[in-house]
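Reading the sequence shown from the start, the letters are residues 315 to 458 in this note's numbering.
The C-beta atom is built at its ideal place from N, Cα and C for all residues, glycine as well.
Single-structure report; data block below.
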Amino acid sequence: MLAAYAMPAVAVWLLLGLCTSALPLARPALILLTAYSAVYGVTEASDRLQLAAPGRRWQVPQELVAGTTARRRLLVWGSVLGPGFLTRNPYAGFAMLPLAVAAAGRGGLALAGAIGAAHGTGRALALLRDARSGPAGDPMRLLL
């Protein structure tokens with residue numbers, strides 16, 4: 315199961331790393347990364363206003379996984395959740411990762427692969443934990 319999440323994540327992140335390393339984006343990405351970090355850091359530290367993490371609210375439609383084989387469920391969930399771009403990812407720090415890949419220049423490809431492996435594996439481990447600890451009728455059991 316870990317590979318079903320990690321492999322698509324690594325592939326997508328490597329593609330991002332390949333695209334960003336081919337373009338002269340290191341300096342602008344570093345500036346954006348610094349500004350983004352400062353804005354979210356100051357708002358968190360000041361406790362005055364809460365900024366929502368940038369991202370999507372889309373979730374995997376149940377009809378894509380309900381009533382299908384376990385292999386297809388793993389393929390759909392792993393491909394959609396593993397990379398982290400298509401579904402809800404409520405952490406402000408996640409949006410920093412593509413900027414960090416672009417800011418890394420030539421090292422961006424290796425960084426992208428590492429991020430993909432870590433994110434995909436982390437998502438799979440979290441889902442395994444949640445699915446195994448839930449009741450028998452829990453929809454999370456669809457993942458196994």
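Please state the DSSP three-state secondary structure of residue i.
{"i": "glycine 427", "result": "helix"}
{"i": "tyrosine 405", "result": "coil"}
{"i": "proline 412", "result": "helix"}
{"i": "threonine 435", "result": "helix"}
{"i": "leucine 363", "result": "coil"}
{"i": "glycine 419", "result": "helix"}
{"i": "alanine 440", "result": "helix"}
{"i": "leucine 400", "result": "coil"}
{"i": "alanine 445", "result": "helix"}
Are the CB atoms of residue j and residue i within a distance shorter than 8 Å?
{"i": "isoleucine 429", "j": "leucine 411", "result": "yes"}
{"i": "alanine 336", "j": "glycine 396", "result": "no"}
{"i": "threonine 334", "j": "valine 415", "result": "yes"}
{"i": "glycine 392", "j": "histidine 433", "result": "no"}
{"i": "leucine 413", "j": "alanine 340", "result": "no"}
{"i": "leucine 389", "j": "alanine 318", "result": "yes"}
{"i": "leucine 423", "j": "leucine 332", "result": "yes"}
What span of residues does the alpha helix (DSSP H) with residue i cover, start to end?
{"i": "proline 342", "result": "340-360"}
{"i": "threonine 313", "result": "Because the chain spans 315 through 458 in this model, residue 313 falls outside it and cannot be assessed."}
{"i": "arginine 386", "result": "384-395"}
Please name the residue, chosen from the options, that lies closest to residue i on a Cα-to-Cα basis.
{"i": "leucine 330", "options": "Gly427, Arg446, Asp444, Gly436", "result": "Gly427"}
{"i": "phenylalanine 408", "options": "Leu439, Arg362, Ser351, Ala325", "result": "Ser351"}
{"i": "alanine 366", "options": "Ala406, Arg443, Val394, Ala359", "result": "Ala406"}
{"i": "proline 404", "options": "Ala359, Gln364, Ser360, Ala445", "result": "Gln364"}
{"i": "proline 338", "options": "Thr435, Arg420, Asp444", "result": "Arg420"}
Are there any heavy atoms of the ligand ZN lying less than 7 Å away from the beta-carbon of residue i, as far as the coordinates show?
{"i": "leucine 425", "result": "No copy of the ligand ZN occurs in the structure displayed, which carries no ligand at all."}
How close, in whole Å, do the beta carbons of residue i and residue j come, if the pair is a contact with beta carbons under 8 Å?
{"i": "leucine 328", "j": "alanine 438", "result": "No, leucine 328 and alanine 438 are not in contact; Cβ-Cβ is about 18 Å, not under 8 Å."}
{"i": "alanine 431", "j": "alanine 320", "result": "5 Å"}
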